[in-house]
Structures are given as structure tokens and as C-alpha cells.
Amino acid sequence: MEDWKYNELLESVNEMYGNLLNEKKGYKYAVARTFYEFETVCNEGGTENLLVHIAMGEIILKHSKVFVGAVDAIKKELGNINIEYLEEELSTEEIKDLLKRINNVSNRINEIVLDYDPSTDNY
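What follows is the structure, given as C-alpha cells:
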């Protein structure tokens, strides 16, 4: 992780989501737009990609109904975790925290009701 610190990236995702939610266009818009805004960060590396998806996973757990594409993207990233790679980029404490977050999202993501309407206008 060359351009980001662990907590800085997680906080940035949450801040962006909060700012977009404050635009009063609904949480579906805020989720979709936050994913869009962090697409280039996701392309910077595997750790950055995982952190963005974990932060988004924690965000969507707060909602009862979420667009299927967002849920599928998060599940896909949770299925591709390389602990050895993380050990090269994160501290032991950061890895412990990340594994706790991954476990929480993994255990709860299937409770979310899937929304198959891609429109962000109705929430």
C-alpha cells in the first residue's frame, strides 16, 4: 500500500459514503457512487481493493436491502483473500483488525435482502 495507510483508507471510504448520503439522493446512490469513486484505488493493489470492499461491506450491513451487484462484488473479494500478501503490506495489529472485519461481514452479508433494481432513484 504505497499511497494509503490502513485506517486512512477505511475512513476515506466511510467519509465519502457519508458525504454522498448527505446529498439526500438515498443510500443506494451513495453506495453505488462510493464504489465508483474508489474504483481507481481498488486497481492500485490487492490490499487496497480488499479494504475498500470491507469498508463497503460494513456500510451495506446497515441496510436491510442492497443492490445485488454490490453484494456480489463484496462476496467475490472476500473469496479471494491472500493472507500471505497481506502480511507483506500490513502490520500484525492491522491484520487482526482486518480479519475481525472480514469475519463480521462474511457472517452477516447473507442476511441482506437483495435488490435487483439497479436504479438508485428509489431509496
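Position one of the sequence shown corresponds to residue -7 (this note's numbering), numbered consecutively onward. Just so you know, even glycine gets a beta-carbon here, dropped at the ideal spot from N, CA and C.
*Residues bridged to residue 57 (per DSSP)*: Paired residue(s): 105.
*Could you pull out every residue in the same chain whose Cβ sits closer than 8 Å to the Cβ of residue 74, ignoring the five residues on either side in sequence?*
Cβ neighbours of residue 74 beyond the five flanking positions: 38.
*asked:* Contact between the segment 6 to 18 and the segment 52 to 65 is defined here as three or more beta-carbon pairs at a separation below 8 Å; is this criterion met?
replied: They do not touch, by the three-pair rule.
_Residue burial classification, residue 60 (beta-carbon count within 10 angstroms, cutoff 16)_ = Flag for residue 60 reads exposed.
*Use the C-beta contact count for residue 20: other C-beta atoms within 10 angstroms, 16 or more gives buried, fewer gives exposed.*
It is buried - the Cβ of residue 20 has at least 16 other Cβ atoms within 10 Å.
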